[in-house]
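Novice: Dumping the structure here so I can ask a few things about it.
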Amino acid sequence: MIGFKRDSKKDEEDGGGNPFQNLEKTTVLQEARTFNETPVNPRKCTQILTKILYILNQGEILGTVEATDTFFAMTKLFQSHDVILRRMVYLGIKELAPIAKDLFIVTSSLTTDMTGRENLYRAAAIRALCSITDGNTLQQSIERYMKQAIVDRNAAVSSAALVSSLHMTRFAGEVVKRWVNEAQEAINTDSIMVQYHALGVLYHIRKTDRLAVTKLVAKLTKSTMKSPYALCMLIRITCRLIEEDDVGTNSKLFEFVQSCLRHKSEMVIYEAAHAIVNMKKTGARELAPAVSVLQLFCSSSKPTLRFAAVRTLNKVAMTHPAAVTACNLDLESLITDANRSVATLAITTLLKTGAESSVDRLMKQISSFVSEISDEFKIVVVKAIRALCLKFPRKHSVLMNFLSAMLRDEGGLEYKASIADTIITIIEENPEAKETGLAHLCEFIEDCEHTSLAVRILHLLGKEGPRTKQPSRYIRFIYNRVILENAPVRAAAVSALAQFGALCADLLPNVKVLLARCQMDTDDEVRDRATYYSVILNCNDAVLNNRFIVENTHLSLPTLEKSLHQYTMQPSETPFDARTVPVAAISPSEEARLAAAEEISTKPKTAIATMTREETYAEKLRNIPQLAALGSPFHSSPAVDLTESETEYLVKCVKHVYERHLVFQFICTNTLNDQLLENVHVHLDPLPEGFVVAANIPCQRLPYGEAQSCFTVLTFPDVLAISVGSFGAVMKFSTKDCDPATGLPDSDDSYDDEYMLEDLDVSVADQMQKVAKANFAASWDEAGDENELEDVFALTSMQTLDEAVKNIIQFLGMQPCERSDRVQEGKSSHTLLLSGVFRGNHDVLVRAKLALSEGVTMQLAVRCSDPEVSELVTNSVG
Numbered sequence: 001m002i003g004f005k006r007d008s009k010k011d012e013e014d015g016g017g018n019p020f021q022n023l024e025k026t027t028v029l030q031e032a033r034t035f036n037e038t039p040v041n042p043r044k045c046t047q048i049l050t051k052i053l054y055i056l057n058q059g060e061i062l063g064t065v066e067a068t069d070t071f072f073a074m075t076k077l078f079q080s081h082d083v084i085l086r087r088m089v090y091l092g093i094k095e096l097a098p099i100a101k102d103l104f105i106v107t108s109s110l111t112t113d114m115t116g117r118e119n120l121y122r123a124a125a126i127r128a129l130c131s132i133t134d135g136n137t138l139q140q141s142i143e144r145y146m147k148q149a150i151v152d153r154n155a156a157v158s159s160a161a162l163v164s165s166l167h168m169t170r171f172a173g174e175v176v177k178r179w180v181n182e183a184q185e186a187i188n189t190d191s192i193m194v195q196y197h198a199l200g201v202l203y204h205i206r207k208t209d210r211l212a213v214t215k216l217v218a219k220l221t222k223s224t225m226k227s228p229y230a231l232c233m234l235i236r237i238t239c240r241l242i243e244e245d246d247v248g249t250n251s252k253l254f255e256f257v258q259s260c261l262r263h264k265s266e267m268v269i270y271e272a273a274h275a276i277v278n279m280k281k282t283g284a285r286e287l288a289p290a291v292s293v294l295q296l297f298c299s300s301s302k303p304t305l306r307f308a309a310v311r312t313l314n315k316v317a318m319t320h321p322a323a324v325t326a327c328n329l330d331l332e333s334l335i336t337d338a339n340r341s342v343a344t345l346a347i348t349t350l351l352k353t354g355a356e357s358s359v360d361r362l363m364k365q366i367s368s369f370v371s372e373i374s375d376e377f378k379i380v381v382v383k384a385i386r387a388l389c390l391k392f393p394r395k396h397s398v399l400m401n402f403l404s405a406m407l408r409d410e411g412g413l414e415y416k417a418s419i420a421d422t423i424i425t426i427i428e429e430n431p432e433a434k435e436t437g438l439a440h441l442c443e444f445i446e447d448c449e450h451t452s453l454a455v456r457i458l459h460l461l462g463k464e465g466p467r468t469k470q471p472s473r474y475i476r477f478i479y480n481r482v483i484l485e486n487a488p489v490r491a492a493a494v495s496a497l498a499q500f501g502a503l504c505a506d507l508l509p510n511v512k513v514l515l516a517r518c519q520m521d522t523d524d525e526v527r528d529r530a531t532y533y534s535v536i537l538n539c540n541d542a543v544l545n546n547r548f549i550v551e552n553t554h555l556s557l558p559t560l561e562k563s564l565h566q567y568t569m570q571p572s573e574t575p576f577d578a579r580t581v582p583v584a585a586i587s588p589s590e591e592a593r594l595a596a597a598e599e600i601s602t603k604p605k606t607a608i609a610t611m612t613r614e615e616t617y618a619e620k621l622r623n624i625p626q627l628a629a630l631g632s633p634f635h636s637s638p639a640v641d642l643t644e645s646e647t648e649y650l651v652k653c654v655k656h657v658y659e660r661h662l663v664f665q666f667i668c669t670n671t672l673n674d675q676l677l678e679n680v681h682v683h684l685d686p687l688p689e690g691f692v693v694a695a696n697i698p699c700q701r702l703p704y705g706e707a708q709s710c711f712t713v714l715t716f717p718d719v720l721a722i723s724v725g726s727f728g729a730v731m732k733f734s735t736k737d738c739d740p741a742t743g744l745p746d747s748d749d750s751y752d753d754e755y756m757l758e759d760l761d762v763s764v765a766d767q768m769q770k771v772a773k774a775n776f777a778a779s780w781d782e783a784g785d786e787n788e789l790e791d792v793f794a795l796t797s798m799q800t801l802d803e804a805v806k807n808i809i810q811f812l813g814m815q816p817c818e819r820s821d822r823v824q825e826g827k828s829s830h831t832l833l834l835s836g837v838f839r840g841n842h843d844v845l846v847r848a849k850l851a852l853s854e855g856v857t858m859q860l861a862v863r864c865s866d867p868e869v870s871e872l873v874t875n876s877v878g
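Numbering (UniProt numbering), first residue to last: 1 to 878.
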């Protein structure tokens, strides 16, 4: 007895650690030899099986031989009738199934257990058997037993069979479809889980047949299902039907979802409310009952319900803040909730729905507990503050002070980056907040531990700092980074200093001195940048400063690398032409995010940003011999539908623009399972003047359900003014009748057929790349008025300046500069500044002065190095 007490005390001191923590695979596999001993020791074998399962679930990888040997040793354990050991064997078989070989040898044993009288064995045996079964074994040996198991009186057995059926649809879908009657019978049982699993099987069997799903839903919505889990699934299926069929909120289906708001199960009530508020076309009238239910849940004694309700209300507040206003009193009571996740969501919801007068009070309440919550919820708070800054710009001072305090707290990169992004957004949206925001960011980089974040802020300081009232105040913060930080940050600081030297004449002498010091840096990248910028600034040429420091055309780096590699592999006397490389278009919202990658792109361990659409297509086009000689596309358009979505043939078109060529990629899908199409190509007729078809690349074979591409290559007209137009299109092909089940042709006979497609348009936007200009005025002056064209247009179909701005940007396919795409409310005039690069790498600048007068009047001015491009852009608007 004394010894027992001592052991207990020792166990308490040890804290009950994990006994499997230091397991080694080799040792465990050697212990598995115990399975071969006679008689079987159930307790010892169970312990060894537990170890095997543990190491597998910890990510340990067994080789095929090791897994097979262990599996065969495990089969000896079927001699034992110990219930716990037998069920552990089933788990072991399931885990080893993807690795071991010759698993079929236990099929007989598992089938015996599956059909036996011991219910504790049967359910687990079914799951294990289905994990090792292939399509042939299922159809020949155990299909009959599976059908019986689905309708078994024992709920555990029935559920095991239904769940296993769902898993087997991946490789034996046609066999499982034959079990629909059994699944239909199972859905009428009293077991909660069996109903739920049976509905899952029925829906999975019928999900490709819209009519069958509609009938299933219509039948079940009229019945009284006992399972709350099944009802939740039925609500989701019903909502998907409502969205896909676009039947609206006046249908019987929506009435069913609304009726679930009055169900006795809280789970079903919440699922219905969640479904209603997340529907795309739900109006304020339909939202009201769902919001009322969520409001009641806010005062529930259960933390899970309070959390679910406030999280859903938080999401509703983004799109329908007025609908959530009625819940503000309930949400305010949750600010002091013991669960900090609930309190955070309540606060952020109030930030989205509250009035301007309540901002200060809410900020004080948040600051009382913000240090106690996780980074994940801190980011939620930051996003809510960002929305609040845009809603109430006059409160920027209070909100920025709060964000600055959060920046000084402990936190990870994602959390700190979200705060920095919010401050940058406020600076961009609210000019009055620029000086305050930059000051907070300057203080932050003094102690910033994250290289990528420091680089991003330095990029912003270089971009915005020279345009402030006192640019000199930022020089100290930037140069401190050169002295104190690592190489990537120092390189970014050098680039920021150069921006000040290029744009602030009074600071130029000081910047030159600082850059001269940087030329003695220990890192070659920092030295090279300092030398490069010093040489440019010493020229005292505003055009050079603007072209090589302020503005920086971003070529697509992956495409540039591949083009240079291809050029070196095929030596030529013609110099490499950078105009053949597409420009990497960067939108203003992406500019700050990608700045870090740009600043340290020369470092070997730094990842480049994700590939553009042109780069993605270039990979595939280069593998087609007829297109490889064209190089990389300058611009690839989004796919355009040339057919309706429910026709027998689906065709989309992607337009790939090169310097002298235009490639139409027609992505074709055959939706008829009794036809095989061959020699599929698209005939263009009529062709606009000047365009010439250079090649047709057909799709040799288009079976049912597969998307394949055919191509048409054209050369652009020599006269640039006629390089836009509309093309007629007809898809031509040979058809063979085939067996719907196998997809094989019935015979070699075929007949020619054709299918009319929608017309194709090629516009200026298809031949233009978006490129942002940081200093539009300098770029405009640099372009000069030699090739400037100006005209006045009446945009009578547009009633607002905002509408006109959006349409002009979309029509020309150019990048808005200096946030000129944002029209202030109440203004009767606006100037839109656009920049882009036309094929052949011709920089294009557009200044559109807009005024309201019985529609919108536009004075359009276009400047480009090529007069033909200026003429094309101007004429295309007219």
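Using N, Cα and C, we set each Cβ at its ideal position, and we do this for glycine too.
(1) Quick check on residue 716: does DSSP put it in helix, strand or coil?
(2) So what does DSSP say about residue 831, is it helix, strand or coil?
(3) Look at the Cβ atom of residue 347, then the Cβ atom of residue 384, and state whether they are nearer than 9 Å.
(4) Can you tell me whether residue 751 is buried or exposed, with buried defined as 16 or more other CB within 10 angstroms of its CB?
(5) For the candidate residues 351, 445, 455, 391, whose alpha-carbon lies nearest to that of residue 430?
(6) Scan the region 259-326 and note each continuous beta strand (DSSP E) run of 3 residues or more that stays entirely inside, going in chain order.
(7) If we call anything under 9 Å between Cβ atoms a contact, is residue 732 one with residue 748?
(8) Any beta-carbon of chain B closer than 9 Å to the one on residue 393?
(9) Of all the options 151, 77, 404, 97, which has the alpha carbon lying nearest to the alpha carbon of residue 63?
(10) Need the endpoints of the alpha helix (DSSP H) that residue 93 sits in, please.
(11) So which of 809, 834, 854 has the shortest CA-CA distance to residue 828?
(12) Restricting to runs no shorter than 4 residues, where is the alpha helix (DSSP H) found entirely within the region 117-188?
(13) Shortest alpha-carbon distance to residue 775 belongs to which of 163, 678, 462, 362?
(14) Within its chain, find whatever has a CB closer than 8 Å to the CB of residue 403; leave out the 5 residues flanking it on each side and keep chain order.
(15) Counting Cβ pairs closer than 8 Å, one from the region 22-39 and one from the region 64-73, do we hit at least three?
(16) At the level of alpha carbons, what is the spacing between residue 177 and residue 236?
(17) So, at 7 Å on beta carbons, what are the nonlocal neighbours of residue 516 in its own chain, with the 5 sequence-adjacent residues on each side left out?
(18) For residue 677 and residue 670, I'd like the C-alpha separation in whole angstroms.
(19) In angstroms with no decimal places, state the Cα-to-Cα distance between residue 67 and residue 150.
(20) Report all residues from its chain with a CB closer than 6 Å to the CB of residue 38; omit the five preceding and five following residues, and keep chain order.
(21) Can you check the region 516-582 for any alpha helix (DSSP H) of at least 4 residues that lies completely inside it and give the ranges in chain order?
(22) According to DSSP, is residue 854 helix, strand or coil?
(23) Taking 6 Å as the limit between beta carbons, can you name the residues of its chain near residue 943, skipping five residues before and five after?
(24) Counting along the chain, where does the alpha helix (DSSP H) carrying residue 792 start and finish?
(25) Give every residue of the same chain whose Cβ lies closer than 6 Å to the Cβ of residue 180, excluding the five residues on either side of it in the sequence, and list them in chain order.
(26) Give the C-beta separation of residue 202 and residue 192 to the nearest angstrom, bearing in mind that I take them to be a contact with Cβ-Cβ under 8 Å.
(27) With DSSP as the reference, label residue 224 as helix, strand or coil.
(28) Give the C-beta separation of residue 310 and residue 277 to the nearest angstrom, bearing in mind that I take them to be a contact with Cβ-Cβ under 8 Å.
(29) Starting from residue 727 and walking both ways along the beta strand (DSSP E), at which residues does that stretch end?
(30) Identify, in the order they occur along the chain, each residue of the same chain with its Cβ nearer than 8 Å to the Cβ of residue 581, setting aside the five sequence neighbours on each side.
(31) Can the beta-carbon of residue 649 be found less than 9 Å from the beta-carbon of residue 684?
(32) If you draw a straight line from the C-alpha of residue 873 to the C-alpha of residue 817, how long is it?
(33) Whose CA, out of 858, 739, 646, 285, lies closest to the CA of residue 793?
(34) Taking contact to mean at least 3 C-beta pairs separated by less than 8 Å, is the region 241-255 in contact with the region 288-300?
(35) Report the partner residues of residue 667 according to the DSSP bridge assignment.
(36) Near residue 169, which residues of its chain fall below 7 Å by C-beta distance, leaving aside the five closest residues on each side in sequence?
Specialist: Looking at the coordinates:
(1) Annotated three-state conformation of residue 716 is coil, per DSSP.
(2) DSSP places residue 831 within a strand segment (E or B) once states are collapsed to three.
(3) Result yes, Cβ atoms of residue 347 and residue 384 sit closer than 9 Å.
(4) So residue 751 counts as exposed.
(5) Relative to residue 430, the option among 351, 445, 455, 391 whose CA is nearest is 391.
(6) Counting whole runs of 3 or more residues, the region 259-326 contains no beta strand (DSSP E) stretch at all.
(7) Result no, Cβ atoms of residue 732 and residue 748 do not sit closer than 9 Å.
(8) Of the protein chains in the structure, only one exists, and it is not chain B.
(9) Checked all of 151, 77, 404, 97; the closest Cα to residue 63 is 97.
(10) Note, residue 93: alpha helix (DSSP H), 83-96.
(11) Residue 854 is the option with its Cα nearest to residue 828.
(12) For the region 117-188, whole alpha helix (DSSP H) runs of length 4 or above, ordered along the chain, are 119-132, 143-150, 155-176, 180-186.
(13) Nearest of 163, 678, 462, 362 to residue 775, Cα basis: 462.
(14) Excluding residues within five positions, the ones whose Cβ falls inside 8 Å are 382, 385, 419, 422, 423, 440.
(15) Output reads yes: the region 64-73 touches the region 22-39.
(16) Distance between the alpha carbons of residue 177 and residue 236: 22 Å.
(17) Excluding its 5 nearest sequence neighbours in each direction, residue 516 has C-beta neighbours in its own chain below 7 Å: 534, listed in chain order.
(18) Using only the alpha carbons, I get a separation of about 8 Å.
(19) Straight-line Cα distance between these residues: approximately 31 Å.
(20) In its chain, beyond the 5 residues on either side, no residue has a beta carbon closer than 6 Å to the beta carbon of residue 38.
(21) DSSP runs (the alpha helix (DSSP H)) wholly in the region 516-582: 524-538, 542-545, 557-569.
(22) In the three-state reduction of the DSSP assignment, residue 854 falls in the coil class, being assigned neither a helical nor a strand state.
(23) Residue numbering for the chain in the displayed model covers 1 to 878; residue 943 lies beyond these limits and cannot be assessed.
(24) Not the alpha helix (DSSP H): residue 792 falls in the beta strand (DSSP E), residues 789-795.
(25) 205, listed in sequence order.
(26) Their Cβ separation, rounded to whole angstroms, is 16 Å, which puts residue 202 and residue 192 out of contact at 8 Å.
(27) In the structure shown, the three-state DSSP call for residue 224 is coil.
(28) At roughly 13 Å, the Cβ-Cβ gap does not stay under 8 Å, so residue 310 and residue 277 are not in contact.
(29) Where residue 727 is concerned, the enclosing beta strand (DSSP E) stretches over 725-727.
(30) These residues qualify, in order along the chain: 555, 556, 559, 560, 563, 632.
(31) In this structure, residue 649 keeps its C-beta atom at 9 Å or more from the C-beta atom of residue 684.
(32) Counting only the Cα atoms, residue 817 lies some 18 Å from residue 873.
(33) Comparing Cα-Cα distances from residue 793 to each of 858, 739, 646, 285, the minimum goes to 858.
(34) Between the region 241-255 and the region 288-300, the count of Cβ pairs shorter than 8 Å is below three; the stretches do not touch.
(35) According to DSSP, which records beta bridges pairwise, residue 667 is partnered with 652, 709.
(36) Taking residue 169 as the centre and dropping the five residues before and after it, the same chain places the C-beta of 176, 204 closer than 7 Å to its C-beta, in chain order.
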